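Let me begin by presenting the structure, written as structure tokens, before commenting on it.
Protein chains in written order, with this note's numbering: chain D, 2 to 409; chain W, 25 to 192.
Written out as structure tokens, the structure reads:
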């Protein structure tokens, strides 16, 4: 049959057999600001080039001019689905660097907040995978329960998304009774909802066929690509910073590290779901431990570190020493010790690392964020090559690519 | 012989002699340096020697020390041995005028973008990198912003018209 063409090409031009397709920078499928320039042959992806940097905010440069406590709000804006983990990760880095000892109660309160953040992070990711496979209901349903988590944040720190929660040395204020009541409400209601959410998807024929066998990667390749977090565990490697290098007293808790086998979209979904159950169990244990504190211990919410932890307002107005510390801290006039530290926490997406170098000045000499998203997004081409375009969209959401964490 | 900071150090000295230097331990992580020409040999040895097994590249970043003449730029590798759960910090330094360093992206796929980021911010020229171009900044940028020679704007300056930004 003779080849027929609708378009008459100029003489000498080479006919391209693939189509270039831009997904992003602003596209409903990216759920954030980043771009994929895809070459597609029909519906098959031939190659893709990922472009990031659309919301680059020069955090590492900004951090070189700020005292430690002013860097916390910057970390909020990395993975904004679980900002409390970033905040705590930064506080823990500073505390390790300054060699501060924290009371156990502070550690447990932090664990509660961090695990709530992990739940809200995984909840978004998994429900968005649902949306991209055509099931909107689950997403709208679980948003009500993310709201409960946000209300707890609000009660503890006053804000919801970019939390700036906690301080170096502890929390800015004690948890109120309302916060604990809200936590109890969440713990009572959420497991049932999670079970229901799981039932909507886990054995759903459409969902399984859309996610199984797509976007898969072997454990060896995933490690070579620097995967961490749920995406690595879905391939079968049980690496979890909470277990390997416990911080904030995670060694006191009893929890499992769920792993998958094939590293595909379905396994990532299951691993995240299983982790939410573990998070609930950790929160329950932590809450139990907090209730066991008696007397003065039950009121502790920060360590005694006047150089870094702001004094009480009434003391600032009435006591000379408190006033001095207040000004020294606020004006950033505390000299840091010399040295360097790499410290990591298990963020929503994997190992969130902070590499801090200090030359003895008042601000970091250099601060580098190890952002898990940025590192594993490189593998995107390998994950989707040769697959269908619609599978690429699901893969993108199941990797949980958060633009804030890609760009820093 | 168990894997710990001391045995790692001995093993490296046994293999590379006085080419590996400045061993120190900062917050539990063993750090050391080597001449930049050796970076691939050292990384490959750490990767392939069964006893060491540092097969995971956690982090790669640049640092600029303007006062270290002839070694202004430093590339820092954070490696991790998962099975023994030991971290390691390795760095090579290079002059700011001649910034060539061999790429680690053939050994670790993860190094690809991290090296692009380091190039983007510090101008380290990774020899052999498959796609060394800017990643977070715009392609047209003609300087390397995280170098210390570019200080942040003075917050007290008054010569700028800030009316458009609501700060005027």
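We put the beta carbon where it would ideally sit given N, CA and C, even for glycine.
Values in this document were obtained by computation on a predicted structure and should not be read as measured data.
Taking 8 angstroms as the threshold, find out whether the segment 61-72 of chain D comes into contact with the segment 385-397 of chain D through three or more Cβ pairs.
no
Unbroken beta strand (DSSP E) runs of length 3 or more, entirely within the segment 21-95 of chain D: which are they?
If we require 3 residues or more, the beta strand (DSSP E) runs fully inside the segment 21-95 of chain D come out as 36-42, 45-52.
What does the Cβ neighbour count give for residue 150 (chain W), buried or exposed, with the cut at 16 atoms within 10 Å?
buried
Below 8 angstroms on C-beta distance, what does residue 123 (chain D) contact in chain W?
The premise fails here: residue 123 (chain D) is roughly 23 angstroms from chain W at the closest Cβ pair, so nothing lies under 8 angstroms.
Mapping DSSP to helix, strand and coil, what is residue 49 (chain W)?
strand
Using CA coordinates, which residue listed in W:146, W:78, W:118 is at the minimum distance from residue 68 (chain W)?
W:78
With respect to the alpha helix (DSSP H) encompassing residue 177 (chain W), which residues constitute its N-terminal and C-terminal limits?
Neither: residue 177 (chain W) is in no alpha helix (DSSP H) and is coded neither H nor E.
Determine, for residue 240 (chain D), whether the minimum Cβ-Cβ distance to residues of chain W falls below 9 angstroms.
Residue-level contact by beta carbon holds for residue 240 (chain D) and chain W, with a gap shorter than 9 angstroms.
In three-state terms, what does DSSP make of residue 346 (chain D)?
strand
With residue 116 (chain W) as the anchor, note down where its beta strand (DSSP E) starts and where it stops.
From DSSP, the beta strand (DSSP E) with residue 116 (chain W) extends over 110-118.
Spatial distance of residue 31 (chain W) from residue 117 (chain D) (CA atoms)
41 angstroms
Which bits of chain D does residue 133 (chain W) rub up against, with CB to CB less than 9 angstroms?
Here the neighbours are 222, 225, 226, 227, 379, 380, 383.
Closer than 8 angstroms at the beta carbon, the chain W residues around residue 356 (chain D):
83, 85, 100, 102
Classification of residue 2 (chain D) by the beta-carbon crowding that lies within 10 angstroms, buried from 16 upward:
Residue placement at residue 2 (chain D) is poorly supported in this model, since its pLDDT is 47, which falls under 50; the coordinates still yield a value, given next. Flag for residue 2 (chain D) reads exposed.
Is residue 128 (chain W) helix, strand or coil by DSSP?
Looking at residue 128 (chain W) - three-state DSSP - the assignment turns out to be coil, as it is neither helix nor strand.
Cβ-based neighbour list, residue 243 (chain D), same chain, cut-off 6 angstroms, excluding 5 preceding and 5 following
251, 347
Can you grab the Cα-Cα spacing for the pair residue 23 (chain D) / residue 292 (chain D), in whole Å?
Rounded to the nearest angstrom, the two C-alpha atoms are 54 angstroms apart.
Residues within the segment 145-173 of chain W neighbouring chain D, beta-carbon criterion of under 7 angstroms
159, 160, 161, 169, 170
Below 9 angstroms between beta carbons: does that hold for residue 235 (chain D) and residue 264 (chain D)?
Taking 9 angstroms as the Cβ cut-off, residue 235 (chain D) and residue 264 (chain D) qualify as a contacting pair.
Just the chain W side, please: which residues come within less than 8 angstroms of residue 57 (chain D) by C-beta, in chain order?
Around residue 57 (chain D), the beta-carbon contacts reaching into chain W at under 8 angstroms are 160, 161.
For residue 187 (chain D), I'd like the list of residues in its chain whose CB is within less than 6 angstroms of its CB, leaving aside the five on either flank, ordered along the chain.
If the five residues before and after residue 187 (chain D) are omitted, its C-beta is found closer than 6 angstroms to the C-beta atoms of 149, all from its own chain and listed in chain order.
Against chain W, which members of the segment 336-352 of chain D pass a CB distance test of less than 9 angstroms?
340, 341, 342, 343, 344, 345, 352
Do you know how far the Cα of residue 160 (chain W) is from the Cα of residue 123 (chain W)?
20 angstroms
Within a Cβ cutoff of 8 angstroms, which residues of the same chain sit near residue 134 (chain D), ignoring the five residues on either side of it in sequence?
207, 208, 211, 212, 395
Fully enclosed by the segment 91-143 of chain D, which alpha helix (DSSP H) runs are 4 residues long or longer?
105-133
Coarse secondary structure for residue 353 (chain D), derived from DSSP in three states:
strand
Rounded to whole angstroms, what is the Cα-Cα separation between residue 138 (chain W) and residue 189 (chain D)?
43 angstroms
Taking the continuous beta strand (DSSP E) assigned at residue 178 (chain D), which residues delimit it?
Annotation for residue 178 (chain D): no beta strand (DSSP E) segment contains it, though the alpha helix (DSSP H) segment containing it runs 178-202.
Beta-carbon of residue 260 (chain D) versus every beta-carbon of chain W: anything under 9 angstroms?
no
Own chain, CB closer than 8 angstroms to residue 1 (chain D), minus 5 neighbours either side, in chain order:
With chain D covering 2 to 409 only, the question about residue 1 (chain D) has no answer from this structure.
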